[in-house]
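If you use this note's numbering, the sequence shown corresponds to residues 78 to 237, in order. Here the structure comes first, spelled out in structure tokens, and everything after it is commentary.
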Amino acid sequence: MKKILTLCMVFKQEEILLGMKKRGFGVGRWNGFGGKLDGNETIEEGAIRELKEEAGIVPTKMKKVGILEFSFQNDPKILETHIFKVYEFNGEPSESEEMKPQWFNFKDIPFPQMWSDDIYWFPNLMNDTLFKGSFLFDRSSDSEYSAKIISQELSEVESL
Numbered sequence: 078m079k080k081i082l083t084l085c086m087v088f089k090q091e092e093i094l095l096g097m098k099k100r101g102f103g104v105g106r107w108n109g110f111g112g113k114l115d116g117n118e119t120i121e122e123g124a125i126r127e128l129k130e131e132a133g134i135v136p137t138k139m140k141k142v143g144i145l146e147f148s149f150q151n152d153p154k155i156l157e158t159h160i161f162k163v164y165e166f167n168g169e170p171s172e173s174e175e176m177k178p179q180w181f182n183f184k185d186i187p188f189p190q191m192w193s194d195d196i197y198w199f200p201n202l203m204n205d206t207l208f209k210g211s212f213l214f215d216r217s218s219d220s221e222y223s224a225k226i227i228s229q230e231l232s233e234v235e236s237l
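Okay, structure coming up:
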């Protein structure tokens, strides 16, 4: 059973915009902006809507750079996550009920306070290399617990 999700990673010069998750899945962790699709929206439409809802900005130039599948021990559900790199946007990032956005210099990305898989695929994201992969976790991360990776696969691809 697959669930389709989106994840937008927003860039500006030498900085990346991350959001502190304030509630729900992944609470207490820095992450990109995204979530599940509504109704009949396309993956791109869902990514744009989620970024606007969570950070108050609208992407004007973005590109799909990766697809990652996340799953958890003892849970048959697979989270198929489509990752977008946002190069340009309109608006100013603002806090929402769900996320508190903050800019980080590339050298200061807070990996210890992020999901444990991020450190593996971020080099592809930063270098504009297309990628696909899968990560199996013991359980979900939250403010107290960083999920342990049980198995992982990650590869560069020609197209998505």
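C-beta: ideal position from N, C-alpha, C; glycine also.
Practice problem: Check E235 in the structure and name its three-state DSSP category. | Solution: coil
Exercise. Can you give me the start and stop residues for the alpha helix (DSSP H) that W198 sits inside?
Key: W198 -> alpha helix (DSSP H) spans 195-203.
Exercise. Determine the contact status of L114 and G210, defining contact as a CB-CB distance below 8 Å.
Key: With contacts defined as CB atoms closer than 8 Å, L114 and G210 fail to qualify as a contacting pair.
Quiz item: Is the CB-CB distance between K80 and L156 below 8 Å?
Solution: yes
Practice problem: Return the bridge partner residues of I160 from the DSSP annotation. | Solution: L84, G143, per the DSSP bridge assignment.
Quiz item: Is it right to say T83 is buried, meaning 16 or more other beta carbons lie within 10 angstroms of its own, or is it exposed?
Solution: buried
Quiz item: Whose C-beta lies closer than 8 Å to the C-beta of E127 among residues of the same chain, with five residues either side of it excluded?
Solution: T83, C85, F110, G111, G112.
Quiz item: I think Q229 touches D205, with their Cβ atoms under 8 Å apart; what is that distance to the nearest whole Å?
Solution: About 21 Å; that fails the 8 Å criterion.
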